[in-house]
Amino acid sequence: MEIRPAVYEDIPALLPLYRCLFSESAQLQPYNFRAADQAEDFLKKTIDGPGSTILTAVRDGEIAGFAVLFEQQTPSYNCLVPHRYAYLMDLIVQPELREIGIGSGLIDAAKDWARERKLDHLELNVLPENKTAAHLYERNGFEPSLCRMQYRF
């Protein structure tokens with residue numbers, strides 16, 4: 001398996017993976033998510049951005065998964081310790097290729113990307129219903145930091 005930054009030619013292979021990610025999110029939390037297609041423009045801007053990347057996992061010449069990363073910083077708020085950090089916005093592996101190390105490989109590459117930029121940490125959000133993903137992140141050294149709560153009317 002090779003992990004490399006995405007290029008425009010990868011976009012046709014990224015789109016069905018994004019559709020899968022959005023569909024899985026919608027199944028887990030239909031109140032907050034719906035099945036959708038990702039905009040090609042978003043992918044192009046992320047590929048081109050100086051503070052963003054899409055890391056692709058290539059296996060047998062095919063894209064098996066990807067991770068989307070953005071550089072961010074904490075808002076200017078007196079009680080917050082200022083940090084520059086990497087935000088892992090999206091990570092998905094083709095369903096039939098899960099549990100063979102591709103997700104961990106993408107996480108390792110995301111950690112390297114953040115270290116190369118001398119960022120303070122790598123963070124992400126995971127749906128509480130997505131136990132498999134939460135276990136993947138925990139196995140790779142992530143620990144809970146905040147808990148977002150919602151009150152519905």
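Numbered according to the UniProt record's numbering, the sequence shown terminates at residue 153, and the numbering increases by one at each position without gaps. For glycine and all other residues, C-beta sits at the position ideal for the given N, C-alpha and C.
Among the options, which has the Cα closest to the Cα of residue i?
i           : options               : result
residue 124 : 46, 69, 75 and 109    : 69
residue 98  : 57, 8, 86 and 9       : 57
residue 21  : 90, 5, 49 and 44      : 90
residue 122 : 92, 45, 34 and 110    : 110
residue 16  : 130, 36, 6 and 87     : 36
residue 117 : 66, 47, 52 and 146    : 52
residue 59  : 153, 1 and 133        : 1
residue 108 : 30, 139 and 40        : 139
residue 38  : 31, 46 and 141        : 46
residue 143 : 133, 152, 149 and 151 : 133
residue 24  : 40, 63, 75 and 131    : 131
residue 71  : 145, 147, 114 and 129 : 114
residue 86  : 61, 50, 63 and 79     : 50
residue 33  : 63, 129 and 141       : 129
residue 96  : 75, 63 and 80         : 63
Taking 8 angstroms as the cut-off, decide whether the C-beta atoms of residue i and residue j are in contact.
i           : j          : result
residue 120 : residue 84 : yes
residue 6   : residue 14 : yes
residue 18  : residue 44 : no
residue 106 : residue 67 : yes
residue 92  : residue 65 : yes
residue 82  : residue 73 : yes
residue 152 : residue 31 : yes
Round the Cβ separation of residue i and residue j to the nearest angstrom and send it over; I've been treating them as touching at under 8 angstroms.
i           : j           : result
residue 3   : residue 55  : 6 angstroms
residue 103 : residue 136 : 5 angstroms
Less than 7 angstroms separating the Cβ of residue i from some heavy atom of the ligand SAM?
i           : result
residue 103 : Questions concerning the ligand SAM fall outside what the structure shown contains, since it holds no ligand whatsoever.
Note down, one range per segment and in chain order, each beta strand (DSSP E) of at least 3 residues found wholly within the UniProt domain "N-acetyltransferase" (1 to 153).
Complete beta strand (DSSP E) runs here, min 3: 2 to 5, 52 to 59, 62 to 73, 84 to 93 and 122 to 124.
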